[in-house]
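Laid out in C-alpha cells, this is it:
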C-alpha cells in the first residue's frame, strides 16, 4: 500500500478506532483476517487462496498454530455427539414419564358422581 493510501484511508481509520499509528499495522490486519478464517473453519486451501500464498505449505508454516489439533477436534466431536444423545434420551424419558402420568390420571376413578 502506498503512502497516499495510508494517509487518506488507513491512518484515519485507525484513529477513529482509537489505535495509534504504530500499534496496528497492515500485517496485523492480515494476520487477524487469517485467524478469523481459521477460527471459523476455513481450510488450508481457502486461507492460502484468500491470502495469495503460493502454496499451502507457506500458509501452514505461518498459521499452523491456529488450526485446532486433531485430538481436540476428535474429542470435541465425540463430546458433542454424546451430549446431544444424552439430551435426546433425557427428553424422551421425561416425555414417557409425563405420558404415563397422564394415562394414570385419566384412568383413575372419579369421586363417584355419575353424569
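Numbering (the UniProt record's numbering), first residue to last: 1 to 115. Don't be surprised by glycine CBs; every beta carbon is placed ideally from N, CA and C.
Burial of residue 47 is indicated by the presence of at least 16 other C-beta atoms within 10 angstroms of its C-beta.
CA-CA distance, residue 56 to residue 49, rounds to 9 angstroms. At the C-beta level, residue 19 and residue 33 stay beyond 9 angstroms of one another.
Residue 60 sits close to residue 44, with the two beta carbons spaced by under 9 angstroms. Going by DSSP, residue 56 is part of the alpha helix (DSSP H) stretching over 56-63. In the three-state reduction of the DSSP assignment, residue 24 falls in the coil class. Rounded to whole angstroms, the gap between the alpha carbons of residue 6 and residue 70 is 40 angstroms. The three-state secondary structure of residue 37, taken from DSSP, is helix.
Residue 82 carries a helical assignment under DSSP once its states are collapsed to helix, strand and coil. Of the candidates 67, 98, 75 and 10, 67 places its Cα closest to the Cα of residue 40. In the displayed model, residue 87 falls within a helix according to three-state DSSP.
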